[in-house]
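Each protein sequence line maps, in turn, to chains U and X.
Number 285 in the working numbering belongs to position 215 of the first sequence; there are no gaps in the numbering.
Number 43 in the working numbering belongs to position 53 of the second sequence; there are no gaps in the numbering.
To start, the structure itself, in structure tokens.
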Amino acid sequence: MIIASNVSKKFGKLKALDNISLTCTKGECIALIGPNGSGKTTLIKSILGMVVPDSGFITFNGKNILHSWEYRSQIGYMPQIGRYPDNMSIGDVFDMMKDIRGSKNTLDEELIGLFGLKEQMSKKMRTLSGGTRQKVSASLAFLFDPDVLILDEPTAGLDPVASEILKEKIIAQKKKGKLVMITSHILSDLDELVTQVIYMQEGTLQFHKTIDELRMDTGENKLSRAIANVMLKETS
Amino acid sequence: MKKIIKYVMSDILQNRIVLAYTFFLLVTSFSVFSLEDNTNKGLLSLLNITLLIVPLVSIVFSAIYIYNCSEFLELLVSQPLKRKTLWLSLYTGLAASLSLSFFMGVGIPILVYQPNKIGLIMLGTGILLTCAFVAVAMFAVVKTRDKAKGIGVAILLWLYFSILFDGLVLFALFQFADYPLEKVMIVVTAFNPIDLSRILILLQMDVSAMMGYTGAIFKNFFGTAMGVSISILVLLLWSALPLWLSTRRFIRKDL
């Protein structure tokens, strides 16, 4: 579904992405893991077209995404830090997005209800706490029932209840055969979700394996242990 | 595109600064017209005020506004929207709302006191100037990432167009006083939309006789329909060119 070929991106002297190639197929739940500043968010932003790669290309359903925008109607994106216009209320943001996307698909408002956002619709975005903002971002990502979900640190800042709700929702989407990409540092959150792991370091792709392969290779059952194992091997 | 313009315009028209700007223009215009019994004199005073205030507000307000809605832009860029559409809608929203407040503030008094050719030309150039300086602001903003720096650049650009440019031209005139520069001056004015507007309007009035030989040459050019159309074309170019350059830059910008 999403294929990246030899994607490189430099910010000044810093190589954010260094010759990345990867293939993501439907029905998978892929975890993007790596230390801070390893290029995870840049990779996600290049898939969304927010960052334009210096070289290489990315295709979405076989079409090059460069200068195209229609494909984004099939993506739900939850940013790491959701930034919204300050003087809009939660309701305004939802209305605006519905207005802009004008999607023919039925709206999936389940998360709005589960997160208890319906009662807070008139609150202004600037008054919201970080966690509530994350809830809004998550609800927006799932709202249009997209084929691909890209979630950047989805559980950071969410309380345990909300984080469980979100995880349930992700599992349900995965079962529907959608492609889900998640970056997270909370590996224990990912254990029950992911089917594949991409490990990045300093802008390069270290490996892209299914979770079973990873378990076999490292001999560890838990994702956190397995990744720790990999990281240790690299330093030694 | 219409939807985004709608959101931008409804946001700007509720903005207190824009309301204050409209009110200020309205009060100034009415007071200037009622101070002078000769409406031509009133128009002249109004010209000097608007040529100073309109570019300043257009460029600084636009720059600050675009920086403040960077979150909004970021949010929209990740949605199924064309970046070009997004940027042009932002421009249209800004230019339309600021032109609207100019029309409310200056246009209505002009239509009341001076509903003739000069008044209409002044109204038109005011709106064109607004559009041009919004475009210049967008170009300055897309080039600089840092907010403080970008607003500084916007203010400097205004300073350049309203004060420094004239100084430089005057300096050059004195240096080359021995040469016939009258025709060159017509070309030079094209490089500054404010000067262009000023001369365009002044030459519609009867004050050009006081400007000596250069005034006569200017009258020959700007007084004709041809000259007026060329000046309007150049003013339009002042909106189109920065806008085109900024759009090209924005399409490739990393957010």
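Here a beta-carbon is modelled for each residue, glycine too, at the ideal position from N, C-alpha and C.
For Asn89(U), the enclosing beta strand (DSSP E) covers residues 84 to 94. DSSP places Val264(U) outside both helix and strand once states are collapsed to three, so it counts as coil.
As far as DSSP is concerned, Gly186(U) takes part in no beta bridge.
In terms of Cβ geometry, Leu221(U) and Lys205(U) do not form a close pair [threshold 9 Å].
Across the segment 114 to 140 of chain U, CB contacts with chain X closer than 8 Å involve Lys115, Leu118, Gly119, Met120, Val121, Val122, His137, Trp139, Glu140, in sequence order along the chain. For Val126(X), the closest alpha carbon among the candidates Tyr(-3)(X), Leu101(X), Thr237(X) is that of Thr237(X). In this model, Pro230(U) and Lys74(X) are separated by some 41 Å (Cα to Cα).
For Leu198(U) and Asp259(U), the gap between their C-alpha atoms comes out near 25 Å.
Checking the DSSP bridge columns, you'll see Ala74(U) partnered with Leu92(U), Ile128(U). Under the three-state reduction of DSSP, Asn134(U) is assigned to strand. Looking from the CA of Met71(U), the closest CA among Asn157(U), Leu219(U), Leu263(U) belongs to Leu219(U).
Interface residue (Cβ-Cβ distance to chain X less than 9 Å): Asp215(U) is not classified as such. Boundaries of the beta strand (DSSP E) harbouring Met148(U): 145 to 148, taken from the DSSP string. Annotated three-state conformation of Met120(U) is coil, per DSSP. DSSP places Thr274(U) in the uninterrupted beta strand (DSSP E) bounded by 274 to 280.
The C-beta of Lys72(X) comes closer than 9 Å to at least one C-beta of chain U. The residue among Asp282(U), Leu257(U), Gly273(U) with its C-alpha nearest the C-alpha of Ile297(U) is Leu257(U). Going by C-alpha positions, Lys193(U) is about 40 Å away from Thr40(X).
Setting aside the 5 residues that flank it on each side, Ser207(U) is surrounded in the same chain by Met148, Pro149, Gly152, each with a C-beta closer than 7 Å to its C-beta; the list follows chain order. Contacts with chain U at 9 Å (Cβ-Cβ) include Ser68(X). Residue burial annotation: Arg171(U) is buried, with at least 16 other C-beta atoms found within 10 angstroms of its C-beta.
By a beta-carbon distance limit of 8 Å, Thr12(X) contacts Gly95(X). Their separation comes to about 5 Å.
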